[in-house]
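Worksheet: the structure to be examined is printed underneath.
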Ligand code: PLP
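In the working numbering, the protein residues as written are 13 to 387.
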């Protein structure tokens with residue numbers, strides 16, 4: 013059987029990884045400034061993470077959500093304490109798109125409405141409900157179903173207020189920082205006004221922190237820079253450091269009912285072990301603070317480099333708008349310097365390294381970046 017050929021692949025096969033480094037099957041070492049798409053939070057194969065996963069798989073790999081799994085409560089307790097939402101509830105699922113689907117579902121149940129406001133170029137996932145709230149032409153599906161969605165420009169509060177005045181909007185969904193679109197942070201003032209208009213109209217404010225959450229920006233969630241509170245937050249990627257897990261963090265104003273949401277694999281024992289290890293290491297190694305400090309250092313060093321039009325982002329979620337003549341830079345970094353980076357359209361390089369990245373690793377990246385851009 014062939015694999016369904018939907019990914020453009022680099023001809024590299026990583027077989028081993030440690031911290032911010034990967035090795036391919038020929039033994040070549042790579043530096044990871046991509047984090048497997050913002051997924052690697054505490055670093056590859058962290059010893060505490062592998063220990064906890066191995067210990068769990070030897071005991072019990074899976075049993076269903078119809079029996080008590082106290083690991084789920086441990087995830088909820090630790091997450092509540094660390095993310096700043098201790099009074100919210102957690103629903104566990106398997107991915108970012110699934111978390112967003114469940115968030116939208118909850119918003120519709122709660123309000124009895126179904127229209128959703130989303131923002132241009134945001135990306136919320138690839139299931140049909142999540143695709144419906146994504147207008148990125150590269151991702152849009154002709155088979156959209158589900159929610160009726162209105163796309164608005166980011167940072168235009170008047171446009172939002174005008175739509176909410178119509179009285180039929182269940183939810184606003186917005187990324188903490190737009191990732192796939194090329195790293196665009198909403199203005200703090202816009203987010204503060206969004207919180208106010210949502211409250212006024214009883215519209216559910218959903219923050220998609222799937223990419224920007226779990227400490228990547230230097231705060232647990234990116235929207236916390238605006239000093240506001242969401243009604244629902246969705247999370248995935250960094251939550252399991254590579255073990256698939258997603259979460260919906262839900263305000264106490266939503267009352268659960270049996271059968272309202274469900275999942276077969278969500279919150280399974282292994283996923284919980286991974287999630288607990290991530291939260292433990294994030295805290296013990298002060299990785300959110302490291303993301304803040306290393307992010308500032310990386311931005312400062314990037315500002316001394318050529319080939320750049322603009323540097324955007326926060327912490328270790330950085331978008332580098334490259335000059336048009338730098339379209340080959342990512343390939344050169346990968347194939348000549350052995351450094352993984354992420355991309356976005358319009359010549360944007362996305363930097364999403366593990367939150368444990370060191371100054372020394374940043375210096376290597378900057379040295380190689382300059383080598384290619386100052387030729
Ligand atoms: N939301 C955002 C902001 C994302 O960046 C992504 C994936 O890139 C998703 C949702 C979808 O997550 P998943 O691929 O885990 O379904």
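Every residue, glycine too, gets a C-beta built ideally from N, C-alpha and C. All figures in this text were calculated on a predicted structure; none of them were measured in a lab.
With 16 other Cβ atoms within 10 Å as the buried cut-off, status of residue i
i           : result
residue 213 : buried
residue 155 : Below a pLDDT of 50, predicted positions are generally treated as unreliable, and residue 155, at 48, falls in that range; the measurement from the model is reported next regardless. Exposed: under 16 other Cβ atoms inside 10 Å.
residue 23  : exposed
residue 375 : exposed
residue 157 : Confidence in residue 157 is poor, its pLDDT being 46 and thus under 50, which makes the residue's placement unreliable; the coordinate value appears in the next sentence. Label assigned to residue 157: exposed.
residue 347 : exposed
residue 315 : exposed
residue 61  : buried
residue 124 : exposed
residue 352 : buried
residue 254 : buried
residue 272 : exposed
residue 278 : buried
residue 246 : buried
The ligand PLP heavy atom lying under 7 Å from the CB of residue i
i           : result
residue 235 : no
residue 109 : yes
residue 222 : yes
residue 192 : yes
residue 138 : yes
residue 114 : no
residue 248 : yes
residue 347 : no
residue 219 : no
residue 135 : yes
residue 86  : no
residue 58  : no
residue 187 : yes
residue 49  : yes
Coarse secondary structure for residue i, derived from DSSP in three states
i           : result
residue 409 : Since the first residue of the chain shown is 13 and the last is 387, residue 409 is not available in this structure.
residue 136 : coil
residue 15  : coil
residue 95  : helix
residue 214 : coil
residue 267 : coil
residue 30  : strand
residue 236 : helix
residue 154 : Caution is warranted here: a pLDDT of 48 is assigned to residue 154, below 50, making its placement in the model unreliable, and no coordinate value can be reported.
residue 62  : helix
residue 146 : coil
residue 248 : coil
residue 228 : coil
residue 189 : coil
residue 123 : helix
residue 243 : coil
residue 223 : coil
residue 393 : The question about residue 393 has no answer, for the chain in this structure spans 13 to 387.
residue 374 : helix
residue 39  : coil
residue 105 : strand
Within 8 Å, strictly: CB atoms of residue i and residue j
i           : j           : result
residue 33  : residue 44  : yes
residue 49  : residue 364 : yes
residue 285 : residue 68  : yes
residue 173 : residue 200 : no
residue 382 : residue 317 : yes
residue 215 : residue 319 : no
residue 398 : residue 227 : Given that the chain is displayed from residue 13 to residue 387, the structure contains no residue 398 and the question cannot be resolved.
residue 79  : residue 130 : no
residue 207 : residue 240 : yes
8 Å contact criterion, which residue i and residue j should meet: CB distance rounded
i           : j           : result
residue 368 : residue 47  : That belief does not hold up - the Cβ atoms of residue 368 and residue 47 are roughly 10 Å apart, past 8 Å.
residue 275 : residue 106 : 7 Å
residue 165 : residue 132 : 6 Å
residue 218 : residue 244 : 5 Å
residue 229 : residue 127 : Their Cβ separation, rounded to whole angstroms, is 29 Å, which puts residue 229 and residue 127 out of contact at 8 Å.
residue 287 : residue 251 : 6 Å
CB contact below 8 Å: residue i versus chain C
i          : result
residue 94 : This model lacks chain C altogether, as it is built from one protein chain only.
Any non-hydrogen atom of the ligand NAD closer than 7 Å to residue i Cβ
i           : result
residue 220 : What this structure holds is the ligand PLP, not the ligand NAD.
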